[in-house]
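Taking it in order: structure first as structure tokens, then the write-up.
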Ligand SMILES: N[C@@H](CCC(=O)N[C@@H](CS)C(=O)NCC(=O)O)C(=O)O
Ligand SMILES: N[C@@H](CCC(=O)N[C@@H](CS)C(=O)NCC(=O)O)C(=O)O
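Chains as they are written, first to last, in this note's numbering: chain A, 483 to 705; chain B, 483 to 705.
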């Protein structure tokens, strides 16, 4: 069985876990905190980052969430999440990059730094200015998600795709860290409620980062 | 004809230009400086980043260099640059991500900030500590490139691939900005000399960022 090296709040691993859930691919989670810089982990991934998907039978490690998602799309045909014509696939991949890079850099990464890393690793109080800035940036991204799900059925087009999974992965980590305020974002909120109710989401909602409990609404499917 | 919105030192655009060169795809360059935040540019790409590849006939914009490269690989079959088996393709994509993200963040981005943006936009002197740090990080990445081209024929495997193009794109921008010291990196240097001598590289070596001339060795194929 695949082994997924990760920690509960890694958004890139969440995207991958949603994909594996949607495609019904079995895996077990192995806890890895990339900031500990474990030698064996750097040997598997010279970038030193989660997720790593490891095949114990072949002793083969796959690295980088987008490369792993493409691999799973190529090797497991059921429930394709980057389907359609070449321009449709380009649109899905554009949005995956937007959530993996822009949403992550603007919102998820500062929240992870201020609310997770400072609390659990650095033992420092969060910087309230950085938190305010991240939440302001979140509003801009939620506006764009509102617009996307208002003009098409799903985030990346007319069917559920990796764009939805990438977006939901980032939003779910930001929500866990108290960074999402849905006021004025009814469309995005409605879409996220649908995502949360999918069976692929359940394992993520049940999982907790030790020492850092989520807010009460986080795991409620209709909140 | 495709229009490529970019500026001469964008490494992601360079990767794409190398791919278009290798695949013989015609395009014209349209100058775009993302830091100017031009409205029309943000309308084409809500991430506000170069490269954008625009099809004037269909009035269709493609964004994100990796999404665009996948699109060109899917639609223009000649000279595939992400070929092979699924694990080989995963290895190419892992390395593209490593150069696009880790090499870029550690080396190219700080060099662009200190040596290009501060000079041309902010009118500030570069921070010598940041420059030293970037060059130290460059040595670590060159060590890894040495190892890659020592254990396989090309960066991503036994054939030229997008991993070589992504790597050469980052190295070429770092080299333009005086950030590459080849001492102790004979394997990487040999590989880069081969890359520089390819016809796809020529347009890049000839192009200059106005107000920021490259060092004399930059465009020499045997230096
Ligand atoms: N492009 C990578 C990004 C992975 C990433 O940034 N992971 C974070 C955790 S959320 C990490 O391991 N950071 C540690 C580091 O960069 O040193 C992917 O998609 O897999
Ligand atoms: N993932 C993007 C990254 C593009 C990128 O970061 N481009 C830089 C120029 S080298 C940029 O436009 N930066 C402006 C910004 O981020 O605001 C890609 O591969 O196309």
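Ideal placement from N, C-alpha and C gives every residue a C-beta, glycine not left out.
The continuous beta strand (DSSP E) containing residue 509 (chain A) extends over residues 509 to 513. Not a single CB atom of chain B sits nearer than 7 Å to the CB of residue 628 (chain A). DSSP places residue 628 (chain A) in the helix class (H, G or I) of the three-state scheme. In this structure residue 602 (chain B) does not touch residue 497 (chain B) by the C-beta definition: roughly 22 Å separates them, more than the 8 Å allowed. Within the region 529 to 543 of chain B, those residues whose Cβ lies closer than 8 Å to any Cβ of chain A are, in chain order, 529, 542. Relative to ligand 2, even the nearest heavy atom lies 6 Å or more away from the CB of residue 591 (chain A). At a cut-off of 7 Å, the C-beta of residue 572 (chain A) has a neighbouring C-beta in chain B. Look at residue 699 (chain B) here: in three-state DSSP terms it is helix.
Chain A places a beta carbon closer than 7 Å to that of residue 553 (chain B), counting this residue as a contact. By the Cβ neighbour-count rule, residue 483 (chain A) is exposed, with fewer than 16 other Cβ atoms within 10 Å of its own. DSSP places residue 488 (chain B) in the strand class (E or B) of the three-state scheme. Chain-order list of chain B residues neighbouring residue 587 (chain A): empty, with the shortest C-beta distance near 10 Å, by a criterion of under 8 Å. Contact of residue 575 (chain A) with chain B is assigned, a C-beta pair being separated by under 7 Å.
Counting only Cβ-Cβ distances below 9 Å, residue 556 (chain B) has contacts in chain A at 568, 571, 572, in chain order.
Across the structure, residue 491 (chain B) and residue 684 (chain A) are spaced so that their CA atoms are roughly 44 Å apart. For residue 633 (chain A), the CB stays at least 6 Å from every heavy atom of ligand 1. Under the Cβ criterion of 7 Å, residue 584 (chain A) is counted among the residues facing chain B. When distances are taken from the beta-carbon of residue 583 (chain A) to the heavy atoms of ligand 2, the shortest one is below 6 Å. A distance below 6 Å between beta-carbons, with the five flanking residues on each side excluded, links residue 691 (chain A) to the following residues of its chain, in chain order: 490, 491.
Taking the CA atoms as reference points, residue 673 (chain A) sits about 18 Å from residue 580 (chain A). Taking a Cβ-Cβ cut-off of 8 Å, the neighbours of residue 548 (chain B) in chain A comprise 548, 575, 579, given in sequence order. The closest CA to that of residue 503 (chain A), considering only A:554, A:515, A:519, is found on A:554. The CB of residue 649 (chain A) never comes closer than 7 Å to any CB in chain B; the least such distance is about 13 Å.
With 16 or more neighbouring CB atoms inside 10 Å of its own CB, residue 516 (chain A) falls in the buried class.
Against chain B, the CB of residue 545 (chain A) has a partner CB under 7 Å away; the residue lies at that interface.
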